[in-house]
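Engineer: For the record, the sequence lines run as chains A and B. Read in order, the letters of the first sequence correspond to residues -5 to 328 in the working numbering. Read in order, the letters of the second sequence correspond to residues 444 to 588 in the working numbering. From the three backbone atoms N, C-alpha and C, an ideal C-beta is built for every residue, glycine too.
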Amino acid sequence: MIVTDARAPDNPITWANDAFVAHTGYGLPELLGRNCRMLQGPGTDAAEIARIGAALAAEEPISAELLNYRKDGTPFWNAMTITPVRDADGVAYFYAAQADMSHTHQLELAMRGTNDELERQVAARTTALSAALEQKTALLHEVDHRVKNNLQVISSLMLLKARRTPEGEARDALQGMAERIGALSTAHRMLYAEGDCTHFDLGEFATELLSDINAGLDADRLRIEAQVEPIAVAAAMAAPLALLIHELTANALHHAFHDGRSGTVSITAQRHADGIRLTVRDDGVGLEAAPPNPAGFGRNLAEMVVRQLRGRIAWAAATPGTRVEIDIPLRGSA
Amino acid sequence: MEIEHAAAPALRILVVEDEALIALELECLLAELGHAIVGVAASSTEAVALGRATAPDVALVDIHLVDGPTGVEVARTLAADPRTSVVFMTANAKRIPGDFAGAIGVIAKPYSERAVEGALAYVAACRTGQRPQGAPDGFRLAPGL
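(1) Which full runs of the alpha helix (DSSP H) of 4+ residues lie inside the stretch 155 to 227 of chain A, going along the chain?
(2) Verify whether the separation of the beta carbon atoms of residue 312 of chain A and residue 276 of chain A is less than 9 angstroms.
(3) Kindly identify the DSSP beta-bridge partner or partners of residue 87 of chain A.
(4) Should residue 141 of chain A be flagged as near chain B, meaning a C-beta pair shorter than 9 angstroms?
(5) Could you give the first and the last residue of the continuous beta strand (DSSP E) run that contains residue 63 of chain A?
(6) Does the beta-carbon of residue 535 of chain B have 16 or more other beta-carbons within 10 angstroms, so that it is buried, or is it exposed?
(7) Are residue 506 of chain B and residue 529 of chain B closer than 9 angstroms when you measure CB to CB?
(8) Quick one: residues in its chain with C-beta nearer than 6 angstroms to the C-beta of residue 308 of chain A, no 5 flanking neighbours on either side, listed in chain order?
(9) Which residues share a DSSP beta bridge with residue 137 of chain A?
(10) When the Cα atoms are used, what is the spatial distance from residue 122 of chain A to residue 109 of chain A?
(11) Per DSSP, what are the beta-bridge partners of residue 262 of chain A in this structure?
(12) Counting only the same chain and skipping the five closest in sequence on each side, list residues whose C-beta sits under 7 angstroms from that of residue 587 of chain B.
(13) Provide the residue span of the beta strand (DSSP E) that contains residue 528 of chain B, from first to last.
(14) Using CA atoms only, rank isn't needed, just tell me which of A/44, A/25, A/268, A/237 is closest to residue 321 of chain A.
(15) Let me know if residue 174 of chain A comes out buried or exposed under the rule of 16 or more other beta-carbons within 10 Å of its beta-carbon.
(16) Thinking residue 500 of chain B and residue 574 of chain B are a contact (beta carbons under 8 angstroms), I'd like their distance in whole angstroms, please.
(17) Let me know the secondary structure DSSP gives residue 476 of chain B once reduced to three states.
(18) With a threshold of 16 other CB atoms inside 10 Å of the CB of residue 449 of chain B, please say whether the residue is buried or exposed.
(19) Assess, as a yes-or-no matter, whether the stretch 135 to 151 of chain A is touched by the stretch 97 to 115 of chain A under the definition of 3 or more beta carbon pairs within less than 8 angstroms.
(20) Judging by CA-CA distance, which residue of B/572, B/561, B/540, B/469 is the nearest neighbour of residue 513 of chain B?
(21) Could you tell me which of B/569, B/582, B/564, B/558 sits nearest to residue 206 of chain A, measuring between CA atoms?
(22) Distance check for residue 171 of chain A and residue 457 of chain B, CA to CA, integer angstroms please.
(23) So, residue 92 of chain A versus residue 7 of chain A, is the Cβ gap smaller than 9 angstroms?
(24) State buried or exposed for residue 552 of chain B, treating a residue as buried only when at least 16 other CB atoms are found within 10 Å of its CB.
(25) So is residue 180 of chain A in contact with chain B if we call contact Cβ pairs under 9 angstroms?
(26) What beta strand (DSSP E) runs, 3 residues minimum, are completely inside the stretch 477 to 553 of chain B?
(27) I think residue 626 of chain B touches residue 517 of chain B, with their Cβ atoms under 8 angstroms apart; what is that distance to the nearest whole Å?
(28) With the cut-off set at 9 angstroms, would you say residue 232 of chain A and residue 181 of chain A are in Cβ contact?
(29) Measure the CB-CB distance between residue 153 of chain A and residue 472 of chain B and report whether it falls below 9 angstroms.
(30) How many angstroms separate the CA atom of residue 478 of chain B from the CA atom of residue 567 of chain B?
(31) Please tell me whether residue 549 of chain B and residue 585 of chain B are closer than 9 angstroms, where the distance is taken between their beta carbons.
(32) What residues from the stretch 521 to 539 of chain B come within 7 angstroms of chain A, judged by C-beta to C-beta, listed N to C?
(33) Count the CB pairs spanning the stretch 84 to 98 of chain A and the stretch 483 to 498 of chain B that are closer than 8 angstroms, and state whether there are at least three.
(34) Just checking, does the stretch 294 to 305 of chain A make contact with the stretch 255 to 265 of chain A on the three C-beta pairs under 8 angstroms criterion?
(35) So is residue 575 of chain B in contact with chain A if we call contact Cβ pairs under 9 angstroms?
(36) Taking the Cβ atom as the reference point for each residue, do residue 193 of chain A and residue 226 of chain A lie within a distance shorter than 9 angstroms?
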């Protein structure tokens, strides 16, 4: 604690207690008669000094914190409260009480240092992770691009060979394979076109695939009707489901109307509690009347794919035509 | 598979594609659709030279060419000629810049024959001043078109 004389020139110290003497390292005679700025030094905040000066001039009490220096030059954080003391003629003295806040300031500094270091480490790690992610994303795009390009090359190869093959079984087989690759390509293209590459919309796929097949049909004779709900399925099921829908549709078109008759193939897909029910129905000649087809690749393929998807497939006679019913369980459903 | 192409007018088309098999099959398909192929370029310099020499109605441009991902600049150069409509044809649509480098749209690879047919019919309609409703399947329009 100290008291200064507000009426003497330059507001000198007129009294200091033992604690102040002990803390600053100055003897009482060295303190008396001098202004408190004797405790200031190079690290003292000029703005804080100005704030104190303004309060003194306005004769108002103030709390402030200054970096002060002891006689031996060591700094300490001095938190002070200065109060003007009035008599009948106005302010006669200023009374100031101090507390050493160095410890608190050191803690704050240490904390800030630790925080800065942590933030630096986090920033460094984030940069490293971002770089790794960027690299992986670029790699993924590259792989995606190559898969799509290769599918296009394979499809082009098949079609080129088909064009150079005389009409007949071999040419039909090549074109059939190109169509299967086309179905897989459509699935692949849709799978990675959206941001979500873990799911696949069966409805959207079926609409596009069946439009592709429809475009190749004699519109006066054959028609495809589709009612496929928007059903989200896992990405892993996209390719087998794409093949399945293609096989059943192509199979119906090839066999049910082989004698040149006209008709319709109807495809429906619905989501139910346990999975998907897929129905492919044609109004053609029917299973019994279709010519024997020992190769029967389409039907075989469809059955293999259904087995892979752990589903059930049933071929039945419809009147007229054939009706194929498939139940595919979806994971995560009851 | 027979493809109907009675309605669409014939276009003079430049194919810019470095994959020989894809280019060859595309030529067959375009011929089948009744269009005329004015040239096939595998590199950016070839593409620009052929574009200057032939001023095609439509240029189908892949992004990846023999000399790298130069298709974007090829598109920009070819689209500078008002006589030419540029359409990207790529498996790498993510590389197309925001302004589409002057192209009308993109046919995503792997494409179906119907997608190519639909896209060209759309472009042909645009060139005759029509404003067809909505882009066909497998064809994505440049933003703002």
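Structural biologist: Concretely, from the data shown:
(1) Those alpha helix (DSSP H) runs which fall completely within the stretch 155 to 227 of chain A and span 4+ residues are 163 to 187, 196 to 209.
(2) Within the first sequence, numbered from 1, the residue matching residue 312 of chain A stands at position 318. Within the first sequence, numbered from 1, the residue matching residue 276 of chain A stands at position 282. The answer is yes: Cβ separation under 9 angstroms.
(3) As a first step, residue 87 of chain A must be located in the first sequence, where it is residue number 93. DSSP lists A/-1, A/79 as partners of residue 87 of chain A.
(4) Translated into the one-based positions of the first sequence, residue 141 of chain A becomes position 147. Answer yes: the Cβ-Cβ gap between residue 141 of chain A and chain B drops below 9 angstroms somewhere.
(5) Within the first sequence, the letter at position 69 stands for residue 63 of chain A. Taken as a continuous stretch (DSSP letters only), the beta strand (DSSP E) holding residue 63 of chain A covers 56 to 63.
(6) Within the second sequence, the letter at position 92 stands for residue 535 of chain B. Residue 535 of chain B is classed as buried because its beta carbon has at least 16 other beta carbons within 10 Å across all chains shown.
(7) What you label residue 506 of chain B is simply residue 63 of the second sequence in a count that begins at 1. What you label residue 529 of chain B is simply residue 86 of the second sequence in a count that begins at 1. No, the pair does not count as a contact, with Cβ atoms beyond the cut-off.
(8) Locating residue 308 of chain A in the first sequence gives position 314, where the first residue counts as 1. Cβ-Cβ distances below 6 angstroms link residue 308 of chain A to 319 in the same chain, with the five nearest sequence neighbours on each side left out; the list follows chain order.
(9) Numbered from its first residue, the first sequence carries residue 137 of chain A at position 143. Paired residues: none, contrary to the question.
(10) One-based indexing of the first sequence puts residue 122 of chain A at position 128. One-based indexing of the first sequence puts residue 109 of chain A at position 115. Going by the C-alpha atoms only, they are around 20 angstroms apart.
(11) The residue you call residue 262 of chain A lines up with position 268 of the first sequence. DSSP output for residue 262 of chain A lists A/221, A/273 as bridge partner(s).
(12) Numbered from 1 along the second sequence, position 144 holds the residue referred to as residue 587 of chain B. There are no such residues.
(13) As a working note, residue 528 of chain B is residue 85 in the second sequence. Boundaries of the beta strand (DSSP E) around residue 528 of chain B: 528 to 533.
(14) Counting from one through the first sequence, the residue named residue 321 of chain A turns up at place 327. The option with the nearest alpha carbon to residue 321 of chain A is A/268.
(15) By 1-based counting over the first sequence, the position of residue 174 of chain A is 180. With 16 or more other Cβ atoms from the protein chains shown falling within 10 Å of its own Cβ, residue 174 of chain A counts as buried.
(16) Residue mapping note: residue 500 of chain B aligns to position 57 of the second sequence, counting from 1. Residue mapping note: residue 574 of chain B aligns to position 131 of the second sequence, counting from 1. The C-beta distance from residue 500 of chain B to residue 574 of chain B rounds to 18 angstroms, too long to meet the 8 angstroms contact threshold.
(17) Numbered from its first residue, the second sequence carries residue 476 of chain B at position 33. Coil, per DSSP.
(18) As a working mapping, residue 449 of chain B is identified with position 6 in the second sequence. Residue placement at residue 449 of chain B is poorly supported in this model, since its pLDDT is 47, which falls under 50; the coordinates are not used for a value here.
(19) By the C-beta criterion, the stretch 97 to 115 of chain A is judged not to be in contact with the stretch 135 to 151 of chain A, since fewer than 3 inter-stretch pairs fall below 8 angstroms.
(20) To locate residue 513 of chain B, count along the second sequence from 1; it is residue 70. Selected option, being the one with the closest Cα: B/540.
(21) Indexing the first sequence from 1 puts residue 206 of chain A at position 212. The residue with the shortest Cα to Cα distance from residue 206 of chain A is B/558.
(22) The sequence position of residue 457 of chain B within the second sequence is 14, counting from 1. The sequence position of residue 171 of chain A within the first sequence is 177, counting from 1. Taking the straight line joining both Cα atoms gives about 29 angstroms.
(23) The sequence position of residue 92 of chain A within the first sequence is 98, counting from 1. The sequence position of residue 7 of chain A within the first sequence is 13, counting from 1. No.
(24) In the second sequence, the residue the question calls residue 552 of chain B occupies position 109. Counting of Cβ neighbours within 10 angstroms places residue 552 of chain B among the buried residues, the total reaching 16 or more.
(25) For the purposes of this step, residue 180 of chain A is identified with residue 186 of the first sequence, where counting begins at 1. True, the Cβ-Cβ gap to chain B drops below 9 angstroms.
(26) Inside the stretch 477 to 553 of chain B, DSSP marks whole beta strand (DSSP E) runs of 3 or more residues at positions 479 to 484, 501 to 504, 528 to 533, 548 to 551, from first to last along the chain.
(27) Residue 626 of chain B cannot be examined here, being either before or after the span of chain B that is shown, 444 to 588.
(28) In the first sequence, counting from the first residue as 1, residue 232 of chain A sits at position 238. In the first sequence, counting from the first residue as 1, residue 181 of chain A sits at position 187. Yes; because the gap between Cβ atoms is below 9 angstroms, this pair is in contact.
(29) Here residue 153 of chain A corresponds to residue number 159 of the first sequence, with the count starting at 1. Here residue 472 of chain B corresponds to residue number 29 of the second sequence, with the count starting at 1. Their beta carbons are under 9 angstroms apart, which means residue 153 of chain A touches residue 472 of chain B by this criterion.
(30) Against the second sequence, residue 478 of chain B aligns to sequence position 35. Against the second sequence, residue 567 of chain B aligns to sequence position 124. Rounded to the nearest angstrom, the two C-alpha atoms are 11 angstroms apart.
(31) Within the second sequence, the letter at position 106 stands for residue 549 of chain B. Within the second sequence, the letter at position 142 stands for residue 585 of chain B. A Cβ-Cβ contact shorter than 9 angstroms links residue 549 of chain B with residue 585 of chain B.
(32) Contact annotation: in the stretch 521 to 539 of chain B, residues whose CB is within less than 7 angstroms of a CB in chain A are 534, 535, 537.
(33) When Cβ pairs closer than 8 angstroms are counted between the two stretches, the stretch 84 to 98 of chain A is seen not to touch the stretch 483 to 498 of chain B, the count staying below three.
(34) The stretch 294 to 305 of chain A, when compared against the stretch 255 to 265 of chain A, does not touch it at the 8 angstroms Cβ threshold.
(35) Mapped onto the second sequence, residue 575 of chain B falls at position 132. Answer no: the Cβ-Cβ gap between residue 575 of chain B and chain A never drops below 9 angstroms.
(36) Here residue 193 of chain A corresponds to residue number 199 of the first sequence, with the count starting at 1. Here residue 226 of chain A corresponds to residue number 232 of the first sequence, with the count starting at 1. In contact: residue 193 of chain A and residue 226 of chain A (Cβ atoms closer than 9 angstroms).
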